[in-house]
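Notes to accompany the following structure.
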Amino acid sequence: MTDQSGFTRAQVILLYVVLTAAIASGIAIFSSASTITNMLKTATEGLFLPILISLIAAFLLDPVVQFFERERIGRTGSIFIVYFLVSILILTLLMLIGPPNWKGMLQALKADFPRYFGRAVEYINGLLSTLQRHLPFIKSYDLVDKLRASTEELFGLVLSQTPKSAMRIGSLFLLVPLFSFFFLRDSRRIMRGLISLTPNRYFEMILDIYDHVSWQLAHFIRGRILEALIIGIVVWMGLSLTDIRYAPILGIIAGVTNLVPYIGPIVGMIPGLIIALVDLGMGGQFWWIFCVYLLIAQIILDNFILIPILISRVSNLHPLLVILAIVMGGKLYGVLGMIIGVPIASIINIAILEIRQYQRTFSPYSRIISTRDEYN
Amino acid sequence: MNPFWSNIFRSSGYQETLAYFLSTVPIFSKLKKRELSFLENIVHVRDYKADEIIFEEGDIGSGMYAIRSGQVRIYTRDENGREIEQALLEPGDFFGEVALTASRPRIASARTTEASVLVGLFRSDMQDAVRKYPAISAKILLGLTRVISDRLHQSHLLINELKRERGQS
Numbered sequence: 024m025t026d027q028s029g030f031t032r033a034q035v036i037l038l039y040v041v042l043t044a045a046i047a048s049g050i051a052i053f054s055s056a057s058t059i060t061n062m063l064k065t066a067t068e069g070l071f072l073p074i075l076i077s078l079i080a081a082f083l084l085d086p087v088v089q090f091f092e093r094e095r096i097g098r099t100g101s102i103f104i105v106y107f108l109v110s111i112l113i114l115t116l117l118m119l120i121g122p123p124n125w126k127g128m129l130q131a132l133k134a135d136f137p138r139y140f141g142r143a144v145e146y147i148n149g150l151l152s153t154l155q156r157h158l159p160f161i162k163s164y165d166l167v168d169k170l171r172a173s174t175e176e177l178f179g180l181v182l183s184q185t186p187k188s189a190m191r192i193g194s195l196f197l198l199v200p201l202f203s204f205f206f207l208r209d210s211r212r213i214m215r216g217l218i219s220l221t222p223n224r225y226f227e228m229i230l231d232i233y234d235h236v237s238w239q240l241a242h243f244i245r246g247r248i249l250e251a252l253i254i255g256i257v258v259w260m261g262l263s264l265t266d267i268r269y270a271p272i273l274g275i276i277a278g279v280t281n282l283v284p285y286i287g288p289i290v291g292m293i294p295g296l297i298i299a300l301v302d303l304g305m306g307g308q309f310w311w312i313f314c315v316y317l318l319i320a321q322i323i324l325d326n327f328i329l330i331p332i333l334i335s336r337v338s339n340l341h342p343l344l345v346i347l348a349i350v351m352g353g354k355l356y357g358v359l360g361m362i363i364g365v366p367i368a369s370i371i372n373i374a375i376l377e378i379r380q381y382q383r384t385f386s387p388y389s390r391i392i393s394t395r396d397e398y399n
Numbered sequence: 031m032n033p034f035w036s037n038i039f040r041s042s043g044y045q046e047t048l049a050y051f052l053s054t055v056p057i058f059s060k061l062k063k064r065e066l067s068f069l070e071n072i073v074h075v076r077d078y079k080a081d082e083i084i085f086e087e088g089d090i091g092s093g094m095y096a097i098r099s100g101q102v103r104i105y106t107r108d109e110n111g112r113e114i115e116q117a118l119l120e121p122g123d124f125f126g127e128v129a130l131t132a133s134r135p136r137i138a139s140a141r142t143t144e145a146s147v148l149v150g151l152f153r154s155d156m157q158d159a160v161r162k163y164p165a166i167s168a169k170i171l172l173g174l175t176r177v178i179s180d181r182l183h184q185s186h187l188l189i190n191e192l193k194r195e196r197g198q199s
């Protein structure tokens, strides 16, 4: 029995069954894939921060480990020696200075924050009203209230999350040394394994490019972190000379925000200036603090000393890219993403630049062109 | 010796290791066991199929290869693009060593003639080693210099001989 299209009924049924099965399995694969990605996402959720920090630690400790390795100590042994030294260093520092009273400081800050904020808002309100007096066509805008609501929300969130994240910080103390140990010990082997997968014809090229990129990256990351550390310490020291409170916290803020070019230093300056303005008034101390932030930390130290020494050859990002990186990082990982978005963007930038540089110098065509130039 | 016994008393497998192979390459012949095992960690072992191009004339070289097994044909091309064989290398031979210290274009092409295993030592790894382990790297580089200066010496002798021949004729 055949119908008009020339298929037997059995064939039609078979086709129907096969199509249904195909669609069903397609849907199943799609849904299981999305559950798998979901599972992966939940599984890796808490790992981003520890891995990031341990990578940074590994980058910082690597030169020290290499120093010991040069003395004919095995790599694992050198890592243990470095760990031992670092823990001794931290312990002695804690013994000497005594741990800064973080908890008390945070609690005091929690109490003080509304006061600081209120004063800042008052000041802005004053500015606005003078503005309105001079330019009456500007409608009174509810910006201040909006700002207050969102900032207080953010700050409350940060404070309420702190005790919750105490456990996560505890796990960081466990995970970071462990991870960075393995990164320090095996990163070379892992990268060699990955590189050895490239086809024979491109192997030499890939190896050379990897060498260039990794060298640049190591310098860039080390330079950035050292820069942030030094800026943070200098700001802390500079602020400690005045009567301002929360100098350590302000130093940390200045150091961390310094990782973001152009915008970071300004943002890092604001809390210190507000606190100075509210607590100390517009006196000499305020201007000293202003000088510490702007002149000493940013202009003299960062622009003239640190950036030329630490991050010399690495090109800077275009300001537009910086803003894009901050926005995208913020969307992905919140405040943390905003801070690390720019360094990650610069890392990608360095990789691209290096690869292009390599292609230009080492492509066979450039050689032909350069010889042609010699004849002309 | 009877093959049965030689099979039982075979030397403890050291002759099959990469380190032993490396010690047979002239550049590395003066290295001690410890240094050889270091070298083992910075070389790359690559498998090639038959008739696979290793590099071509004019490529920017980044390292040397030693042949562990198989056969490699070194050739250049004349104006018509025909291959002119320069050498046919066997296991234990090495080539491309000039690129180890400076990135220069390769002066000849290399191609495997049968399935081969090559051991590559590359400039980037060597530079890394110079920074981290100066003593061992110096020994490796001395070996390289010895081989290259031997060749230079030989080519000098050859040039002198040619000059003398020209003077006589």
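Chains as they are written, first to last, in the working numbering: chain H, 24 to 399; chain F, 31 to 199.
C-beta: ideal position from N, C-alpha, C; glycine also.
Touching by the beta-carbon criterion (3+ pairs, under 8 Å), the segment 103-114 of chain F and the segment 55-75 of chain F
Two segments are said to touch when three or more pairs of C-beta atoms, one from each, lie closer than 8 Å; by this definition the segment 103-114 of chain F does not touch the segment 55-75 of chain F.
Min CB distance Gly93/F to chain H below 8 Å
Taking the second sequence and counting its residues from 1, one reaches residue 93/F at position 63. With its beta carbon less than 8 Å from one in chain H, Gly93/F belongs to the interface.
Can you give me the C-alpha to C-alpha distance between Ala33/H and Thr60/H, rounded to a whole angstrom?
As a working mapping, residue 33/H is identified with position 10 in the first sequence. As a working mapping, residue 60/H is identified with position 37 in the first sequence. Approximately 40 Å between the Cα atoms of the pair.
Which value, in whole angstroms, describes the spacing of the CA atoms of His157/H and Tyr146/H?
Along the first sequence, read from residue 1 onward, the residue named residue 157/H stands at position 134. Along the first sequence, read from residue 1 onward, the residue named residue 146/H stands at position 123. Roughly 17 Å between the two C-alpha positions.
Let me know if Thr43/H comes out buried or exposed under the rule of 16 or more other beta-carbons within 10 Å of its beta-carbon.
Translated into the one-based positions of the first sequence, residue 43/H becomes position 20. Thr43/H counts as exposed, since fewer than 16 other C-beta atoms from the protein chains shown sit within 10 angstroms of its C-beta.
Beta-bridge partners of Asp77/F, as assigned by DSSP
Translated into the one-based positions of the second sequence, residue 77/F becomes position 47. DSSP, once it has assigned bridges, lists Val147/F as partnering Asp77/F.
Please report how far the alpha carbon of Tyr388/H lies from the alpha carbon of Glu82/F, in whole angstroms.
By 1-based counting over the first sequence, the position of residue 388/H is 365. By 1-based counting over the second sequence, the position of residue 82/F is 52. In this prediction, Tyr388/H scores a pLDDT of 49, lower than 50, which makes its location untrustworthy; no coordinate-derived value is stated.
Assuming Pro284/H and Leu340/H form a contact by the criterion Cβ under 8 Å, report the distance between their Cβ atoms to the nearest whole angstrom.
To locate residue 284/H, count along the first sequence from 1; it is residue 261. To locate residue 340/H, count along the first sequence from 1; it is residue 317. Cβ-Cβ separation between Pro284/H and Leu340/H: approximately 7 Å, consistent with a contact (criterion under 8 Å).
Which of the three DSSP states, helix, strand or coil, is assigned to Tyr285/H?
The residue you call residue 285/H lines up with position 262 of the first sequence. DSSP places Tyr285/H outside both helix and strand once states are collapsed to three, so it counts as coil.
Using beta carbons (cut-off 8 Å, strictly below), is Gln239/H in contact with chain F?
Sequence index remark: in the first sequence, residue 239/H carries index 216 (1-based). No, Gln239/H does not count as interfacial toward chain F.
Listed from N- to C-terminal order along the chain, which residues in the segment 157-183 of chain F have their beta-carbon within a distance smaller than 9 Å of any beta-carbon of chain H?
Cβ contacts with chain H: Gln157, Asp158, Arg161, Lys162, Tyr163, Pro164 and Ala165.
Residues of the segment 224-250 of chain H with a CB closer than 7 Å to any CB of chain F: list them in chain order, please.
Going along the segment 224-250 of chain H in chain order, one finds Arg224, Phe226, Glu227, Leu230, Asp231 and Asp234 with a Cβ nearer than 7 Å to chain F.
Since Ile363/H and Gly352/H are thought to touch, with beta carbons under 8 Å apart, how far apart are those beta carbons, to the nearest angstrom?
If you number the first sequence from 1, residue 363/H lands on position 340. If you number the first sequence from 1, residue 352/H lands on position 329. That pair is a contact at about 6 Å.
Are at least three pairs of beta-carbons, each pair with one atom in the segment 126-137 of chain F and one in the segment 84-99 of chain F, less than 8 Å apart?
Result yes; three or more Cβ-Cβ pairs closer than 8 Å.
Anything in the segment 89-101 of chain H with a Cβ closer than 8 Å to a Cβ of chain F? List those residues in chain order, please.
Residues are counted here when their Cβ sits less than 8 Å from a Cβ of chain F; for the segment 89-101 of chain H these are Gln89, Glu92 and Arg93, given in chain order.
Please tell me whether Ile276/H and Ile312/H are closer than 8 Å, where the distance is taken between their beta carbons.
Here residue 276/H refers to the residue found at position 253 of the first sequence. Here residue 312/H refers to the residue found at position 289 of the first sequence. In this structure, Ile276/H sits away from Ile312/H, with a CB-CB distance that is not shorter than 8 Å.
Residues near Ile297/H by beta carbon distance below 7 Å, same chain, minus five either side
Counting from one through the first sequence, the residue named residue 297/H turns up at place 274. Counting only Cβ-Cβ distances below 7 Å, and skipping sequence neighbours, we find Tyr139 and Ala143.
Secondary structure of Arg98/F, DSSP reduced to three states:
The sequence position of residue 98/F within the second sequence is 68, counting from 1. Correct three-state label for Arg98/F: strand.
Specify the secondary structure class of Ile137/F as computed by DSSP and reduced to three states.
Start at 1 with the first residue of the second sequence, and residue 137/F comes out as number 107. Residue state for Ile137/F is assigned as coil, using DSSP reduced to three classes.
With a threshold of 16 other CB atoms inside 10 Å of the CB of Ile57/F, please say whether the residue is buried or exposed.
Reading the second sequence from its first residue, position 27 is the one you call residue 57/F. Counting Cβ neighbours within 10 Å, Ile57/F comes out buried, since at least 16 surround it.
Proximity of Arg15/F and Leu130/F at Cβ, strictly below 8 Å
This structure does not reach residue 15/F, given that chain F is present from 31 up to 199, and the question cannot be answered.
Under 8 Å between C-beta atoms, does Tyr105/F make it to chain B?
No chain B is part of this structure, whose protein chains are labelled H and F.
Would Pro164/F be called buried (16 or more neighbouring beta carbons within 10 Å of its own) or exposed?
In the second sequence, the residue the question calls residue 164/F occupies position 134. Exposed.
State the Cα-Cα distance for the pair Val177/F and Met260/H, rounded to the nearest angstrom.
Along the second sequence, read from residue 1 onward, the residue named residue 177/F stands at position 147. Along the first sequence, read from residue 1 onward, the residue named residue 260/H stands at position 237. It is roughly 59 Å from the alpha-carbon of Val177/F to the alpha-carbon of Met260/H.
Who does Leu118/F pair with in a DSSP beta bridge?
In the second sequence, residue 118/F corresponds to position 88, counting from 1. Partner(s): Arg103/F.
Select from Ile170/F, Glu65/F and Ala140/F the residue whose C-alpha is nearest the C-alpha of Ile97/F.
Within the second sequence, residue 97/F is the residue found at index 67, counting from 1. Its Cα nearest to that of Ile97/F, the residue Ala140/F stands out among Ile170/F, Glu65/F and Ala140/F.
Please state whether DSSP places Gly126/F in a helix, a strand or coil.
Here residue 126/F refers to the residue found at position 96 of the second sequence. Three-state result, Gly126/F: coil.
Please identify the residue among Asn110/F, Gln198/F, Thr143/F and Asp155/F whose C-alpha is closest to the C-alpha of Tyr233/H.
Here residue 233/H corresponds to residue number 210 of the first sequence, with the count starting at 1. Checked all of Asn110/F, Gln198/F, Thr143/F and Asp155/F; the closest Cα to Tyr233/H is Asp155/F.
Going by DSSP in three states, Ile267/H sits in which element: helix, strand or coil?
Counting from 1 along the first sequence, the entry for residue 267/H is found at position 244. For Ile267/H, the three-state secondary structure derived from DSSP is coil.
Element boundaries [alpha helix (DSSP H), containing Ile91/H]:
What you label residue 91/H is simply residue 68 of the first sequence in a count that begins at 1. According to the sequence shown, residue 91/H is Phe rather than Ile. First-last of the alpha helix (DSSP H) with Phe91/H: Phe71 to Arg93.
Indicate whether at least one CB of chain F lies closer than 8 Å to the CB of Ser219/H.
By 1-based counting over the first sequence, the position of residue 219/H is 196. Under the Cβ criterion of 8 Å, Ser219/H is counted among the residues facing chain F.
Flag this pair as yes or no: are the beta carbons of Arg208/H and Ile102/H separated by less than 8 Å?
Translated into the one-based positions of the first sequence, residue 208/H becomes position 185. Translated into the one-based positions of the first sequence, residue 102/H becomes position 79. If you check the CB distance, Arg208/H and Ile102/H come in under 8 Å.
Could you check if Ile328/H is buried or exposed, using at least 16 other CB atoms within 10 Å of its CB as the buried criterion?
The count along the first sequence starts at 1 and reaches residue 328/H at position 305. By the neighbour-count rule (16 or more Cβ atoms within 10 Å), Ile328/H is not buried but exposed.
Going by DSSP in three states, Thr99/H sits in which element: helix, strand or coil?
For the purposes of this step, residue 99/H is taken as residue 76 along the first sequence, with counting starting at 1. DSSP places Thr99/H in helix when its eight states are reduced to three.
What distance in whole Å lies between the Cβ atoms of Arg136/F and Asp180/F, which are believed to be in contact at a cut-off of 8 Å?
Here the question's residue 180/F lines up with position 150 in the second sequence. Here the question's residue 136/F lines up with position 106 in the second sequence. Incorrect: roughly 21 Å between the Cβ atoms, too far for contact.
Who are the Cβ neighbours of Arg134/F in its own chain at under 8 Å, not counting the five residues just before and after it?
Translated into the one-based positions of the second sequence, residue 134/F becomes position 104. When the five nearest sequence neighbours on each side are left out, the beta carbons in the same chain lying within less than 8 Å of the beta carbon of Arg134/F are those of Ile90, Gly91 and Val128, in order along the chain.
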